[in-house]
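K.L.:
Take a look at this one; I'll ask things after.
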Amino acid sequence: MIREWSTTAARTVRAVRGTPAPLTYGLIALCCLIFLLGPASGFTRAYGTGETLLAAQRAYFRHWGVIPASLFAEPVREALTPVTALFVHGSWVHLLGNMLFLFVFGVLTEERMGRVEFTLFYVGCGYLALLGYALANAGSEQSLVGASGAISAVLGAFLHLFPRARVTSLLPFLFFLPLRFPAWVVLPFWAALQWYAAGRAPEGPGVAYLAHVIGFCLGFGYAWLRYGRTTGKRRAKDGPGEARVGPAPATASKGENQP
Numbered sequence: 000m001i002r003e004w005s006t007t008a009a010r011t012v013r014a015v016r017g018t019p020a021p022l023t024y025g026l027i028a029l030c031c032l033i034f035l036l037g038p039a040s041g042f043t044r045a046y047g048t049g050e051t052l053l054a055a056q057r058a059y060f061r062h063w064g065v066i067p068a069s070l071f072a073e074p075v076r077e078a079l080t081p082v083t084a085l086f087v088h089g090s091w092v093h094l095l096g097n098m099l100f101l102f103v104f105g106v107l108t109e110e111r112m113g114r115v116e117f118t119l120f121y122v123g124c125g126y127l128a129l130l131g132y133a134l135a136n137a138g139s140e141q142s143l144v145g146a147s148g149a150i151s152a153v154l155g156a157f158l159h160l161f162p163r164a165r166v167t168s169l170l171p172f173l174f175f176l177p178l179r180f181p182a183w184v185v186l187p188f189w190a191a192l193q194w195y196a197a198g199r200a201p202e203g204p205g206v207a208y209l210a211h212v213i214g215f216c217l218g219f220g221y222a223w224l225r226y227g228r229t230t231g232k233r234r235a236k237d238g239p240g241e242a243r244v245g246p247a248p249a250t251a252s253k254g255e256n257q258p
């Protein structure tokens, strides 16, 4: 059994290395694995059931997530939580929504940036997005988990690098009809919705929309500074094909904030 697992793992690693975007696929696999092994998935019986499971989930999010009040009260001890929080998700909807966005927009962005730069970009922008949210909510005791700050940065970079890429969007107010628009139409509209939602978001558990806005601006700004104003036009001629994306992730489960 152990030999079979090791063989399967080796094949998986070789397959990922052979793809044009191994870091994107690796991040998706890692986030899924961490979620399945954690208490939020409900797959691990060791965390118990009922109130015991809920208590385990809260403890898990507080341990690996960002708690703004704790981050600034004990900055040395909590300095790595904006990194660990990027790999923790609070529900199936939260995980699958984030991984869909990462898959759609991460592959081409990683191909353009390269593996090392994309890794540093993803982690760095994700860290700063969560830190920015924490600064704006410095007294909050709610745990903050999720990769949306980093993924929003990927969306921002994608907008600059591939502004004319055709994105298939599912719009709730049009009965989820699949419609194709250029990235320069879809992504700014998405960012505007996040900004609007951030201004109206109530205190307490929910979606950390401000982290989305910060991440998106960081990603676009980085790509603009790093690759210049003409990169998007030049890359658009090559045509990255068609990107597909679903509706934005749903709100978080009770007891945490999810970017």
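Just so you know, numbering that gives the first Met the number 0 puts 160 at position 161 of the sequence shown, and the rest follows in order with no gaps.
Positions of the beta carbon are idealized from the N, C-alpha and C atoms, including for glycine.
Computed from a predicted structure; not experimentally measured.
(1) What would DSSP say about proline 19, mapped onto helix, strand or coil?
(2) To the nearest angstrom, how far is it from the Cα of serine 151 to the Cα of alanine 133?
(3) In whole angstroms, what is the alpha-carbon distance linking leucine 95 and isoleucine 33?
(4) I need the straight-line Cα distance from tyrosine 208 to tryptophan 194, nearest angstrom please.
(5) Just the Cα atoms here: how many angstroms apart are phenylalanine 86 and glycine 145?
(6) On a CA-only basis, which of Leu186, Pro67, Gly37, Pro19 is nearest arginine 57? Give me that one, please.
(7) Rounded to a whole number of angstroms, what is the C-alpha to C-alpha distance between glutamate 109 and valine 206?
(8) Kindly provide the ranges of any alpha helix (DSSP H) runs that are 4 or more residues long and lie completely inside the stretch 80-126, ordered along the chain.
(9) Return the CA-CA distance between alanine 164 and alanine 182, expressed in angstroms with no decimal places.
(10) In chain order, what residues of the same chain have a beta carbon less than 8 Å from the beta carbon of alanine 196, not counting five sequence neighbours either side?
(11) Whose C-beta lies closer than 8 Å to the C-beta of cysteine 31 among residues of the same chain, with five residues either side of it excluded?
P.N.:
Based on what the coordinates show:
(1) coil
(2) 17 Å
(3) 13 Å
(4) 7 Å
(5) 6 Å
(6) Gly37
(7) 26 Å
(8) 80-83, 91-112
(9) 5 Å
(10) Val206, Tyr208
(11) Leu94, Met98
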